[in-house]
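Chemist: What follows is a single structure, and I will ask about it in a moment.
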Amino acid sequence: MTQQAQPILQVRNLVTRIGGKRGFGNAVDDVSFDLMPGETLGLVGESGSGKSMTCLSVLRLTPPAATHITGGQVIFDGEDLLRKTGAEMRGYRGRRISMILQDPMRALNPVLTVGEQIFESLRLHRGLRGAALREAACELLERVRIPDPAAGLTAYPHHFSGGMRQRVVGAIALAGNPDILIADEPTTALDVTVQAAFLDLLKSIQRQDRLGILFVTHDFAVVSRMCDRVAVMYAGRIVETAPTDMLFDRPRHPYTESLLRSVPDVDRREERLYAIPGQPPSVFAPRTGCPFAPRCPRAMDRCRQETPPTRRLDDGHEVSCWLHEE
Amino acid sequence: MTRLILSRLVQALATLLVTSLIVFVLARSSGSPADLVLPTDATPAERALYIERMGLDRPIAEQYLIFLRDAVQGDFGVSIRTGAPATELVFDRVGRTLLLATAGLAVALLISLPLGVMAAVHRGRGWDRFSMGFALLGQSTPAFWLGIVLILIFAVWLRWLPSSGVGGWQHYVLPSLVLGWSISAGIVRLLRSSMLEVLDAEFIKLARTKGLREPVVVWKHALRNALIPVVTFIGFMYGVIIASGVVIEVVFGWPGLGYLAYESTLWRDFPVLQLSVLVYTAIIVGINFLVDVSYGLIDPRIRT
Chain A
794 MTQQAQPILQ VRNLVTRIGG KRGFGNAVDD VSFDLMPGET LGLVGESGSG KSMTCLSVLR
854 LTPPAATHIT GGQVIFDGED LLRKTGAEMR GYRGRRISMI LQDPMRALNP VLTVGEQIFE
914 SLRLHRGLRG AALREAACEL LERVRIPDPA AGLTAYPHHF SGGMRQRVVG AIALAGNPDI
974 LIADEPTTAL DVTVQAAFLD LLKSIQRQDR LGILFVTHDF AVVSRMCDRV AVMYAGRIVE
1034 TAPTDMLFDR PRHPYTESLL RSVPDVDRRE ERLYAIPGQP PSVFAPRTGC PFAPRCPRAM
1094 DRCRQETPPT RRLDDGHEVS CWLHEE
Chain B
10 MTRLILSRLV QALATLLVTS LIVFVLARSS GSPADLVLPT DATPAERALY IERMGLDRPI
70 AEQYLIFLRD AVQGDFGVSI RTGAPATELV FDRVGRTLLL ATAGLAVALL ISLPLGVMAA
130 VHRGRGWDRF SMGFALLGQS TPAFWLGIVL ILIFAVWLRW LPSSGVGGWQ HYVLPSLVLG
190 WSISAGIVRL LRSSMLEVLD AEFIKLARTK GLREPVVVWK HALRNALIPV VTFIGFMYGV
250 IIASGVVIEV VFGWPGLGYL AYESTLWRDF PVLQLSVLVY TAIIVGINFL VDVSYGLIDP
310 RIRT
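Residue numbers (our numbering), protein chains in the order written: chain A, 794 to 1119; chain B, 10 to 313.
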């Protein structure tokens, strides 16, 4: 950070409870992180570790029947979003904080034209009408490099390929000139080549707009390409946060270590892939101690009894593990 | 599109032909019109003469071929009862039946679209229970009984509305309410489940992340998608309304095609009965065709 930057988003001790017939549990458990303007923070972890739920909690769009944000703060631009009314909250969505979803094949409304889906955001967030509206929509499609934007406006989502649809979703997300983009596994459903092009596009837009990106993924190749810093989630908690290269070079949490070991290495071509033994705990299971303790090769008695606090180490890692208590 | 229309046309003609045969045979198996038209003291000779004059003494296959030969020339015979051409009697009344059925469908949509949507949005809560209860009541109450009860309340006791016949808009209120309410249950239930599915979709999540107001998300983004499977059903239900309109027309003394078909059955007025049923068939076939076309209007994926 060149200038003395204030985080655009500060999440503090966020807790999102999920409940249903199978019981109750914390899908997001005491999660804290900062996001700087222009920075990309990766959120990695296995499926079910609470990455998506964290993102939805920031926008307060978790499923209302089954989930409830019970604690913490989501401070955006100095204001706690958890204290906003529903109407105030809508003023943030799409205008200050936008989102790109995982599956572009299902993220667009199949019965509305691409144009209409972009117009909606432009009308709502920029108050545009008539010719100015069309012009702005064309510009957006141009920005996400969709060939022949004018024709694109009258097309329906099914006329586009997956990669192109994700660009349309991107255009919609950019319509309100947001400060933050939440990208929930935006390339998981795309081909590798299409993936690379989309990530490059995202990078260049980020540089132009000083966009803070919260990037959810479980793909470490994507992490190293995109993210300035990474937060590793396990069982609803962030277990380690570090600048990307430092995390790769010297993971400090045993879970991060195992996770990195389980990434197949193209150069080494090992016979067997490494898999972390055991299963991640159910969100509904009662828990004491560190949630990773049952699968942790270096677990101590203390790990099974007390939840470790998050420590900031000298090398810039923030880690939640008893191994690093002096 | 032209191929679709052509194949539908062939199907429609085949349907009409088969229906005409069935009605022709069924009608004649109900007895002879001579029993009803001739005075009770008619001599056997008079009876035989009448039957011969009407062509009813010939083999039924021959009668049918004669009917077909005349029908393709647009001649569907004259009413046994009144002597007026069947075409005149029938086409005079088709419009009123279609109007009533359309009014009934409009009422059904007015009832079931809001109820179905609200039931899904407020799943498991008050609106949901109210919607399902209201719809179920309409479905499980026999239409003729409901008609009579409504006549009793609104026409006889309160004197707000006419009990029967045609005239101004007031005459439409009760019969279309009975028709519409009776088919609402299915539409409400189907729309509810369809809405529930759509409301879980990713594009609904995206619509919310855009900052759209919830009514826009529900009524614009969700409903249009949820209607796709419901449209077929609504088309099918339009046919049901037209069919159950026969009973309603009799209850409300509505001089439509249904009432005519009812009377001509009682009188064994074969030419009128045959043409009535054929017109009914043509209407239903036509509706099904419109449903197929309307798919493309509501679902752009089918257009290309």
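Built from N, CA and C at the ideal position, the CB exists for glycine as well.
Whole beta strand (DSSP E) runs in the stretch 1045-1105 of chain A with 3 or more residues, listed along the chain?
Modeler: none
Chemist: Would you say A/V821 lies against chain B (beta-carbon separation less than 8 Å)?
Modeler: As a working note, residue 821 of chain A is residue 28 in the first sequence. Chain B contact via Cβ: absent.
Chemist: What in chain A is Cβ-close to B/H230, meaning under 8 Å?
Modeler: Locating residue 230 of chain B in the second sequence gives position 221, counting from the first residue. Per Cβ cutoff of 8 Å: N902 and L905.
Chemist: Excluding sequence positions up to five away, which residues of its chain have a Cβ less than 7 Å from the Cβ of A/Q778?
Modeler: Shown here, chain A extends from 794 to 1119; a query on residue 778 of chain A therefore has no answer.
Chemist: With a cut-off of 8 Å, do at least 3 Cβ pairs link the stretch 223-237 of chain B to the stretch 893-905 of chain A?
Modeler: yes
Chemist: Straight-line CA distance for B/V46 to B/H180?
Modeler: Taking the second sequence and counting its residues from 1, the one referred to as residue 46 of chain B is at position 37. Taking the second sequence and counting its residues from 1, the one referred to as residue 180 of chain B is at position 171. The alpha-carbon of B/V46 is positioned some 33 Å away from that of B/H180.
Chemist: Between the stretch 151-165 of chain B and the stretch 75-93 of chain B, do at least 3 Cβ pairs fall closer than 8 Å?
Modeler: Cβ pair count under 8 Å is below three, so no.
Chemist: Beta strand (DSSP E) containing B/S38: first to last residue?
Modeler: Residue numbering aside, residue 38 of chain B sits at position 29 when the second sequence is read from its first letter. Note, B/S38: premise wrong, no beta strand (DSSP E); not H, not E.
Chemist: Using the beta-carbon of each residue, which ones in chain A are nearer than 7 Å to B/E211?
Modeler: As a position in the second sequence, residue 211 of chain B is number 202, starting the count at 1. Result: L894, D896, R899 and A900.
Chemist: Using beta carbons (cut-off 8 Å, strictly below), is A/V962 in contact with chain B?
Modeler: Working through the first sequence from its first residue, we reach residue 962 of chain A at position 169. Look at A/V962: its C-beta is under 8 Å from a C-beta on chain B.
Chemist: In three-state terms, what does DSSP make of A/T860?
Modeler: The sequence position of residue 860 of chain A within the first sequence is 67, counting from 1. A/T860 falls in the strand class under three-state DSSP.
Chemist: Across which residues does DSSP place A/S891 in a beta bridge pair?
Modeler: Reading the first sequence from its first residue, position 98 is the one you call residue 891 of chain A. A/L974.
Chemist: Quick one: is B/G220 near chain A, going by C-beta distance under 8 Å?
Modeler: For this step, residue 220 of chain B is matched to residue 211 along the second sequence. Taking Cβ atoms only, chain A reaches closer than 8 Å to B/G220, which makes this a yes.
Chemist: Just to confirm the assignment: which complete alpha helix (DSSP H) runs, minimum length 4, are found wholly within the stretch 177-209 of chain B?
Modeler: 179-208
Chemist: Please compile the residues from chain B whose C-beta is within a distance smaller than 9 Å of the C-beta of A/Y1067.
Modeler: Along the first sequence, read from residue 1 onward, the residue named residue 1067 of chain A stands at position 274. None at all; the shortest Cβ gap to chain B is about 33 Å.
Chemist: Do B/P184 and B/I292 have their CB atoms nearer than 8 Å?
Modeler: Walking along the second sequence from the start, residue 184 of chain B turns up at place 175. Walking along the second sequence from the start, residue 292 of chain B turns up at place 283. No, the Cβ-Cβ distance between B/P184 and B/I292 is not below 8 Å.
Chemist: Within the same chain, show all residues whose beta-carbon is closer than 6 Å to that of A/T833, passing over the 5 residues directly before and after it, in chain order.
Modeler: Within the first sequence, numbered from 1, the residue matching residue 833 of chain A stands at position 40. For A/T833, where only same-chain residues beyond five positions count, the Cβ hits under 6 Å are I1006, F1008, M1019, C1020 and D1021.
Chemist: For B/A194 and B/L107, what's the separation of their Cα atoms in angstroms?
Modeler: For the purposes of this step, residue 194 of chain B is taken as the residue at position 185 of the second sequence. For the purposes of this step, residue 107 of chain B is taken as the residue at position 98 of the second sequence. Going from the Cα of B/A194 to the Cα of B/L107 covers about 22 Å.
Chemist: For B/L306 and chain A, any beta-carbon pair shorter than 8 Å?
Modeler: Residue mapping note: residue 306 of chain B aligns to position 297 of the second sequence, counting from 1. Output row for B/L306: interface = no.
Chemist: Suppose you measure from the CA of A/L1043 to the CA of A/A1035; what does that come to, to the nearest Å?
Modeler: What you label residue 1043 of chain A is simply residue 250 of the first sequence in a count that begins at 1. What you label residue 1035 of chain A is simply residue 242 of the first sequence in a count that begins at 1. Leu is not the amino acid found at residue 1043 of chain A; the sequence shown has Arg there. Distance between the alpha carbons of A/R1043 and A/A1035: 10 Å.
Chemist: Check whether the stretch 264-272 of chain B and the stretch 1094-1107 of chain A touch, using three or more Cβ-Cβ pairs below 8 Å as the test.
Modeler: No, the stretch 264-272 of chain B is not in contact with the stretch 1094-1107 of chain A.
Chemist: Is there a C-beta anywhere in chain B that falls below 8 Å from the one on A/I811?
Modeler: Stepping through the first sequence from its first residue, residue 811 of chain A is reached at position 18. Closer than 8 Å: no.
Chemist: Going along the chain, which residues of its own chain have a beta-carbon closer than 6 Å to the beta-carbon of B/G125, five neighbours each way excluded?
Modeler: By one-based count along the second sequence, residue 125 of chain B stands at place 116. Its chain contains V197, L200 and R201 as the residues whose beta carbon lies nearer than 6 Å to that of B/G125, once the 5 sequence neighbours on both sides are disregarded; these appear in chain order.
Chemist: Can you list, in chain order, the residues of its chain whose CB lies under 8 Å from that of A/N806, leaving out five sequence neighbours each side?
Modeler: The sequence position of residue 806 of chain A within the first sequence is 13, counting from 1. Result list for A/N806: D823, V824, S825, G864, G865 and Q866, in chain order.
Chemist: Taking C-alpha atoms, which residue in A/R888, A/H1110, A/R938 and A/S997 lies nearest to A/G920?
Modeler: Working through the first sequence from its first residue, we reach residue 920 of chain A at position 127. It is A/R888.
Chemist: Using the rule of at least 16 other Cβ atoms within 10 Å of the residue's Cβ for burial, across every protein chain shown, is B/V81 buried or exposed?
Modeler: One-based indexing of the second sequence puts residue 81 of chain B at position 72. If you draw a 10 Å sphere on the C-beta of B/V81, you find fewer than 16 other C-beta atoms in it, and that means exposed.
Chemist: Any chance the stretch 115-124 of chain B sits against the stretch 62-81 of chain B, with 3 or more Cβ pairs inside 8 Å?
Modeler: no
Chemist: In the DSSP assignment, find the unbroken alpha helix (DSSP H) run with B/M127 in it and report its ends.
Modeler: As a position in the second sequence, residue 127 of chain B is number 118, starting the count at 1. Counting along the chain, the alpha helix (DSSP H) containing B/M127 begins and ends at A95 to V130.
Chemist: Is it a yes or a no for the stretch 977-992 of chain A touching the stretch 939-949 of chain A, going by three-plus beta-carbon pairs under 8 Å?
Modeler: no
Chemist: I'd like to know if B/L4 contacts chain A, where contact means its C-beta is closer than 8 Å to some C-beta of that chain.
Modeler: There is simply no residue 4 of chain B to check, as chain B begins at 10 and stops at 313 in what is shown.
Chemist: Counting beta carbon pairs with one atom in the stretch 270-284 of chain B and one in the stretch 23-41 of chain B, are three or more of them shorter than 8 Å?
Modeler: yes
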